[in-house]
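Numbering (the working numbering), first residue to last: 7 to 434. Ideal placement from N, C-alpha and C gives every residue a C-beta, glycine not left out. All values reported here derive from a predicted model rather than from experimental measurement. This report refers to the structure that appears directly beneath it.
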Amino acid sequence: MRIILGVGGGIAAYKVASLLRLFTEAGHDVTVIPTEAATRFVGVATWEALSGHPVSNSVFDDVHTVNHVRLGHEADLIVVAPATADLRARAAAGQANDLLTNTLLMAGSCPVLMAPAMHTEMWQHAATQANVETLRSRGVTVLEPASGRLTGSDTGPGRLPDPEAIFAAALALAGAPAAPTTVPQPGTNEEPVAPPSARPLAGLTVTISAGGTREPLDPVRFLGNRSSGKQGVALAAAARDAGARVRLLAAHMDVPPPAGVETTKVETALELRAAALHAAADSDVIIMAAAVADFRPADVAGTKIKKRDDVADPVITLVRNPDILRELVEVRDAASRDQLIVGFAAETGDADGDVLDYAMAKLRRKACDLLVVNHVGQDRVFGEDTNSVVILSRAGSEPQEASGSKSDVAAAVIDRISAELSRVVPPA
Ligand code: CTP
Numbered sequence: 007m008r009i010i011l012g013v014g015g016g017i018a019a020y021k022v023a024s025l026l027r028l029f030t031e032a033g034h035d036v037t038v039i040p041t042e043a044a045t046r047f048v049g050v051a052t053w054e055a056l057s058g059h060p061v062s063n064s065v066f067d068d069v070h071t072v073n074h075v076r077l078g079h080e081a082d083l084i085v086v087a088p089a090t091a092d093l094r095a096r097a098a099a100g101q102a103n104d105l106l107t108n109t110l111l112m113a114g115s116c117p118v119l120m121a122p123a124m125h126t127e128m129w130q131h132a133a134t135q136a137n138v139e140t141l142r143s144r145g146v147t148v149l150e151p152a153s154g155r156l157t158g159s160d161t162g163p164g165r166l167p168d169p170e171a172i173f174a175a176a177l178a179l180a181g182a183p184a185a186p187t188t189v190p191q192p193g194t195n196e197e198p199v200a201p202p203s204a205r206p207l208a209g210l211t212v213t214i215s216a217g218g219t220r221e222p223l224d225p226v227r228f229l230g231n232r233s234s235g236k237q238g239v240a241l242a243a244a245a246r247d248a249g250a251r252v253r254l255l256a257a258h259m260d261v262p263p264p265a266g267v268e269t270t271k272v273e274t275a276l277e278l279r280a281a282a283l284h285a286a287a288d289s290d291v292i293i294m295a296a297a298v299a300d301f302r303p304a305d306v307a308g309t310k311i312k313k314r315d316d317v318a319d320p321v322i323t324l325v326r327n328p329d330i331l332r333e334l335v336e337v338r339d340a341a342s343r344d345q346l347i348v349g350f351a352a353e354t355g356d357a358d359g360d361v362l363d364y365a366m367a368k369l370r371r372k373a374c375d376l377l378v379v380n381h382v383g384q385d386r387v388f389g390e391d392t393n394s395v396v397i398l399s400r401a402g403s404e405p406q407e408a409s410g411s412k413s414d415v416a417a418a419v420i421d422r423i424s425a426e427l428s429r430v431v432p433p434a
């Protein structure tokens with residue numbers, strides 16, 4: 007694959023040298039275009055030596071090859087890392103004041119992935135977020151930054167995602183096959199890339215919904231639920247670590263999305279439905295971990311509902327929301343799509359049946375492939391850091407139990423999904 011690696015002017019540019027190695031060792035032809043500022047952090051000689059190609063950031067070099075047009079035209083994939091606030095602003099505004107922004111404008115139909123890095127305040131600034139929205143609305147994949155120690159003494163969201171995560175997201179975006187293993191050559195200190203067995207979802211796209219939907223009553227009030235989004239976020243991180251390209255459809259969450267995934271924010275069940283149906287068209291796996299409101303207010307007041315002494319107190323009438331999971335299964339079956347669909351269910355037992363009876367009935371009703379059942383009890387409440395689940399399969403295999411931290415449960419669910427997929431598609 008012909009890859010353009012755009013490097014922005016941030017300290018994280020030094021980590022991009024490892025990303026470049028991952029691409030070249032996987033056999034891709036990479037041309038690096040650093041911005042002027044990027045070369046103050048990592049010099050042109052490094053990029054030339056590691057890519058094996060001459061490196062320029064000026065539209066006035068190699069004019070006879072019409073470089074500013076050719077590079078974008080010929081690329082199969084453009085990756086920008088670190089995508090600094092300034093670089094994203096220039097790309098969003100459609101500027102063409104250096105070779106990299108010219109190339110982005112010439113990119114045509116080739117996929118573009120940006121991996122941001124900057125200080126938390128810059129990432130959260132309204133101007134930056136607006137630019138991210140603009141780029142995403144134009145089809146650019148902007149990954150979430152990682153959280154952690156930043157260049158100064160500050161910590162928070164803004165770190166460049168790990169080179170391995172950017173690598174996996176980029177290959178999956180371009181529809182490239184799973185990353186080949188690199189075995190360290192004798193006598194070298196090369197870091198090996200994780201073997202395929204550790205990245206069983208490489209090359210696959212996984213869509214995960216998380217958090218709780220909010221159904222508006224008026225401009226200031228909503229009907230919501232207690233979902234924290236922690237389990238969905240843990241699943242997104244586990245799927246990412248298994249090598250998948252991950253799309254997170256984030257309803258209201260108490261925790262930030264993990265680094266290296268593509269996040270779409272949604273508010274209501276109807277918004278989640280639209281995002282899920284859209285994402286489903288090219289997803290290999292869909293995991294519905296979101297707590298979707300079954301009902302929404304029939305009428306949403308355009309202005310704040312006031313209490314008044316001269317009229318009766320309002321009565322809220324609810325209408326049913328669509329069952330998104332059920333619809334995803336119907337659409338998949340109608341299109342004969344090869345897709346694994348996983349539901350979640352929080353259940354309690356009662357005098358008429360135990361948790362598994364109700365869960366089996368739900369699995370039949372929803373017709374998804376796997377149902378991850380949460381036993382909701384007195385001591386098990388939303389927002390906890392631990393979880394205990396049973397994974398049921400429509401194909402009828404034995405229920406599988408998993409418990410521990412939400413990351414442990416996520417890893418068990420992703421392992422089970424990988425096992426189900428390898429049963430359908432034998433590894434090459
Ligand atoms: N779900 C959905 N759309 C809805 C409600 C739920 O897609 N309108 C999904 C959830 O994301 C979850 C699964 O369906 O994966 C089960 O959710 P749950 O709330 O347990 O099921 P319900 O169908 O709402 O059944 P119940 O009457 O038990 O609440």
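Beta-carbon contacts of residue i that lie in its chain and below 6 angstroms, excluding the five residues immediately before and after
i, result
"leucine 141", "Ala98, Val148"
"leucine 223", "Pro303"
"serine 413", "Ala240"
Residue i, enclosing beta strand (DSSP E) - first and last residue
i, result
"arginine 246", "Unbroken run through arginine 246 is the alpha helix (DSSP H), 236–247; no beta strand (DSSP E)."
"histidine 125", "Element bounds for histidine 125: n/a, residue is neither H nor E."
"threonine 213", "211–216"
"valine 398", "It is worth fixing the name first, because residue 398 is leucine in this sequence and not valine. Start and end: 392–399."
Close-in-space but distant-in-sequence residues of the same chain around residue i (CB under 7 angstroms, 5 per side omitted)
i, result
"valine 116", "The amino acid occupying residue 116 in the given sequence is cysteine; valine does not appear at that position. Only Ala81, Asp82, Leu83, Ile84 meet the Cβ criterion."
"tyrosine 20", "Phe47, Val48"
"valine 325", "Phe301, Arg302, Ala304"
C-alpha gap between residue i and residue j, whole angstroms
i, j, result
"proline 262", "threonine 107", "30 angstroms"
"threonine 395", "alanine 242", "The sequence shown places valine at residue 395, not threonine. Near 17 angstroms, if we compare the C-alpha coordinates of alanine 242 and valine 395."
"threonine 157", "valine 321", "54 angstroms"
"serine 24", "alanine 51", "15 angstroms"
"glycine 33", "methionine 7", "8 angstroms"
"valine 22", "alanine 286", "31 angstroms"
"threonine 90", "arginine 46", "14 angstroms"
"alanine 248", "proline 206", "6 angstroms"
"aspartate 104", "glutamate 31", "28 angstroms"
"glycine 162", "glycine 410", "26 angstroms"
"proline 40", "tryptophan 53", "9 angstroms"
"glycine 355", "methionine 366", "12 angstroms"
"lysine 310", "glutamine 130", "28 angstroms"
"leucine 166", "aspartate 358", "52 angstroms"
"alanine 18", "leucine 362", "49 angstroms"
"alanine 55", "aspartate 260", "45 angstroms"
"serine 402", "serine 342", "Reading the sequence as shown, one finds glycine at residue 402 and not serine. Cα to Cα, glycine 402 sits roughly 21 angstroms from serine 342."
"glutamate 221", "serine 57", "51 angstroms"
"arginine 94", "alanine 408", "42 angstroms"
Neighbourhood of residue i by C-beta, 8 angstroms cutoff - its chain only, sequence neighbours within 5 removed
i, result
"leucine 179", "Leu83, Pro117, Leu119, Thr147, Arg251"
"methionine 124", "Gly16, Pro88, Thr90, Ala91, Thr134, Pro151, Gly164"
Start-to-end residues for the alpha helix (DSSP H) that takes in residue i
i, result
"valine 335", "330–340"
"asparagine 137", "132–143"
"threonine 109", "105–111"
"glutamate 31", "19–31"
"isoleucine 4", "In the structure displayed, the chain extends from 7 to 434; residue 4 sits before or after that span and is not available."
"glutamate 442", "For the chain, the structure presents residues 7 to 434; residue 442 sits outside this window and is missing."
"aspartate 92", "91–99"
**Request:** State whether the region 321–334 contacts the region 276–294, with contact taken as three or more CB pairs (one from each stretch) at a distance under 8 angstroms.
**Result:** Using a C-beta cut-off of 8 angstroms, the region 321–334 makes contact with the region 276–294, since at least three inter-stretch Cβ pairs fall below that distance.
**Asked** Any chance the region 259–274 sits against the region 169–176, with 3 or more Cβ pairs inside 8 angstroms?
**Response** Remark: three or more beta-carbon pairs, one from each stretch, lie closer than 8 angstroms, so the region 259–274 and the region 169–176 are flagged as touching.
**Request:** Evaluate contact between the region 128–142 and the region 227–238, counting only Cβ atoms and requiring at least three cross-stretch pairs below 8 angstroms.
**Result:** No: fewer than three Cβ pairs fall under 8 angstroms.
**Asked** Are the region 289–300 and the region 341–360 in contact at 8 angstroms, needing three or more beta carbon pairs?
**Response** Yes: at least three Cβ pairs fall under 8 angstroms.
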